[in-house]
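Taking it in order: structure first as structure tokens, then the write-up.
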Amino acid sequence: MRHRTAHWLFTALLLFALAASAQTSLTLEQAVRTALEQNPSRKAVVFEQHAAAADTKLARSSLLPRIGFGEGYQRGNDPVFVFGGKLRQQRFTTSDFSLNLLNTPTPFGNFATRFSGQWQLFDSGVSWLSLRQAKQLNTVAQRTLERTDQELVMRVVDAYAGLLLAIKQQQVAEDAVKTSGSILERSRANVQAGMVVESDQLSALVNDAARQEELIRARNSVALARAQLNHDMGVPPDTQYEAVELLTERSLPPVDLKELEKRALDRRPDLQGLTLRKAIQGDEVRAAKAAFGPRLNAIANWEMDNPHFNGGGGNNWLAAFELQVDLFNGGAKLARLDRERALKGRIDALHDAAIHSIRLEVRKAYLDFDSARQQVEVARAAVGQAHESLRIGQNRYESGLSTITDLLRMEEAALRAEADYSQSLYRLRTSYASLELAAGTLDLNSPVIKQ
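Per our numbering, the very first residue in the sequence shown carries number 414; after that it's consecutive.
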């Protein structure tokens, strides 16, 4: 019984170790979700958005009164201090009018407990404008986070597709090594049979070495592509996984250029952020004008003065209103108003430039996707033609009807066709994602990710 228990325990530990060492599968959607949770650059933008939300609370606090508390103790024989302290403690007597006591009083102690309050009742609307600006800046931070998410999704899509492309290129390189080895064996057999000269075998050897070098580069490209994807996801560079998707053709929804331009101008988060910044700068101009207006403050104090900490004295209060008007400040407010107006003109120009840039981005992304879609069709046909040509060339070479040069040229054409087809599939996927990024609609529900 004990041996059987030990056997089962050993088996369980072995299965656990194998499961832990096995590579986990990774889909594009999982990669995107991981990046949105762990990418450190996105986390920094999230904290910026939190800071903007805190700035809104800070701006709102300027509309509320300030209340303070203080507790202090003083002791001395300064005549003014002693005279005023006794009055505040409500312990002043007729004997305190003695000239000797007035001029050289005995040391006197006072415990002062104070509550103070101040409230800016009116500042010509500056505080309300600051609050509105803070709210708008918080919204700008949210739009920035949305655009950061879209750009991060684009990076992950590109990196994942790049990994699939590298894996496909490695597979093509492995097949090319097998093909070059087969050509080398045929050339050796033909040399031994006296059908071709020895230079054919040397050409086949050189070709085989070239294919081995390409395989080495392809394997390193896979490792680099995996490290790039890990970087974009925000995971350690040595994280291992198996990309379960394949670099194959996908049926993507049709797109319309006019509709995409309209959607981009309506939904691009960065353009929405610039629109908000226009409104913010308009409030900056209004705040600069409001700074010329008056300010009205209310002030109140309540104080308790005691000879001992536990009491024994008196209390007093004071309330006041203060009106402030800047009559002359050296032209600083006029200069600020000129500056804010200039900045408003600048942000208006940047907004117009952004609209033109977005239209151009959408048009370029649309044309790139259209080119990639057509290139896939051409490359697909070229692959079939190249492989058929290689098959015929191999048969002709075995029959002595063609030279090794012709065969190697056909093999090179087949490899180039495979590479072009893989590249076109990669461009098809990434160009559609770029099109959605330009339109401001790229997210987890994108057809590039979900299909």
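Built from N, CA and C at the ideal position, the CB exists for glycine as well.
This one's a predicted model, so the numbers in the text were calculated from it and none came from an experiment.
Selected residue, minimal CA-CA separation from residue i, among the options
i: leucine 841; options: Leu740, Leu544 and Arg663; result: Arg663
i: phenylalanine 482; options: Met717, Ala785 and Arg822; result: Met717
i: aspartate 751; options: Arg680, Asn490 and Glu697; result: Glu697
i: threonine 552; options: Ser859, Gly686, Gln502 and Ser600; result: Gly686
i: glutamine 865; options: Thr561, Leu558 and Ile629; result: In the structure as shown, the chain starts at 414 and stops at 864, and residue 865 therefore has no counterpart that could be examined.
i: alanine 733; options: Gln641, Gly530 and Pro453; result: Gly530
i: histidine 721; options: Gly797, Val458 and Gly485; result: Gly485
i: arginine 772; options: Thr507, Glu672 and Pro492; result: Glu672
i: arginine 754; options: Val445, Val791, Leu857 and Ala701; result: Ala701
i: aspartate 571; options: Asn808, Gln641, Ile768 and Arg681; result: Gln641
i: threonine 526; options: Ala631, Gly725 and Asn719; result: Asn719
i: arginine 749; options: Pro453, Gly594, Arg455 and Arg699; result: Arg699
i: isoleucine 768; options: Leu740, Thr688 and Ser784; result: Thr688
i: alanine 444; options: Ser784, Asn742, Glu627 and Val648; result: Val648
i: asparagine 513; options: Asn742, Val495, Asn633 and Leu740; result: Val495
i: glutamate 774; options: Ala464, Glu674, Val493 and Ala457; result: Glu674
i: glutamine 503; options: Arg793, Leu828 and Asn728; result: Asn728
i: glycine 594; options: Leu850, Asn490 and Gln625; result: Gln625
i: leucine 670; options: Glu658, Arg776, Ser612 and Asp562; result: Arg776
i: leucine 558; options: Val791, Arg681, Ala602 and Val657; result: Arg681
i: arginine 556; options: Leu857, Gly853 and Val861; result: Gly853
i: aspartate 562; options: Ala466, Ile805 and Asn452; result: Asn452
i: leucine 731; options: Ser454, Leu850, Phe528 and Ser784; result: Phe528
i: arginine 804; options: Ala448, Leu449, Thr592 and Glu450; result: Thr592
i: leucine 780; options: Glu598, Glu849 and Gly744; result: Glu849
DSSP bridge partner residues for residue i (one or two, in chain order)
i: aspartate 718; result: Ala525 and Gly727
i: leucine 439; result: Ala656
i: tryptophan 532; result: Ala711
i: alanine 733; result: Ile712
i: glutamine 487; result: Asn523
i: glycine 481; result: Ser529
Residue i vs residue j beta-carbon contact at 8 Å
i: leucine 838; j: leucine 660; result: yes
i: proline 478; j: tryptophan 541; result: no
i: tyrosine 845; j: phenylalanine 782; result: yes
i: alanine 472; j: leucine 578; result: no
i: isoleucine 760; j: lysine 691; result: yes
i: methionine 567; j: serine 847; result: yes
i: arginine 573; j: serine 438; result: Residue identity check: residue 573 is tyrosine in the sequence provided, not arginine. Contact: no.
i: aspartate 645; j: valine 569; result: yes
i: valine 668; j: proline 707; result: no
i: alanine 868; j: alanine 830; result: Limits of the chain in this structure are 414 at one end and 864 at the other, which puts residue 868 out of reach.
i: serine 600; j: alanine 589; result: no
i: glutamate 461; j: alanine 554; result: yes
i: serine 537; j: alanine 703; result: yes
i: alanine 638; j: glycine 695; result: no
i: phenylalanine 705; j: lysine 746; result: yes
i: aspartate 679; j: leucine 550; result: no
i: glutamate 627; j: alanine 586; result: yes
i: glutamine 582; j: alanine 631; result: yes
i: leucine 763; j: phenylalanine 535; result: no
i: alanine 799; j: alanine 832; result: no
i: glutamate 442; j: leucine 857; result: yes
i: glutamate 658; j: threonine 447; result: no
Exposure of residue i, with buried meaning 16 or more beta-carbon neighbours within 10 Å
i: asparagine 523; result: buried
i: aspartate 683; result: buried
i: histidine 420; result: Because the pLDDT at histidine 420 is just 43, under 50, the model does not fix this residue reliably, and the value given afterwards should be weighed accordingly. By the 10 Å Cβ count, histidine 420 comes out exposed.
i: arginine 560; result: buried
i: asparagine 408; result: Shown here, the chain extends from 414 to 864; a query on residue 408 therefore has no answer.
i: leucine 565; result: buried
i: glycine 498; result: buried
i: isoleucine 693; result: buried
i: glutamine 487; result: exposed
i: isoleucine 712; result: exposed
i: alanine 435; result: Since pLDDT at alanine 435 reaches only 45, below the 50 mark, its modelled position is unreliable, and the value read off the structure follows with that caveat. Exposed, by the Cβ-count rule.
i: phenylalanine 510; result: exposed
i: glutamine 787; result: exposed
i: serine 859; result: buried
i: glutamate 865; result: In the structure as shown, the chain begins at 414 and stops at 864. Residue 865 is therefore absent and cannot be evaluated.
i: arginine 501; result: buried
i: serine 508; result: exposed
i: glycine 726; result: buried
i: leucine 806; result: According to the sequence displayed, residue 806 carries glycine and not leucine. Label assigned to glycine 806: buried.
i: isoleucine 580; result: buried
i: valine 493; result: exposed
i: valine 861; result: buried
i: alanine 636; result: exposed
i: proline 520; result: exposed
Entirely enclosed beta strand (DSSP E) segments - the segment 652-714, minimum 3 residues:
654-656
Taking only runs of the alpha helix (DSSP H) that begin and end inside the segment 772-855, which ones reach a length of at least 4 residues, in chain order?
817-852
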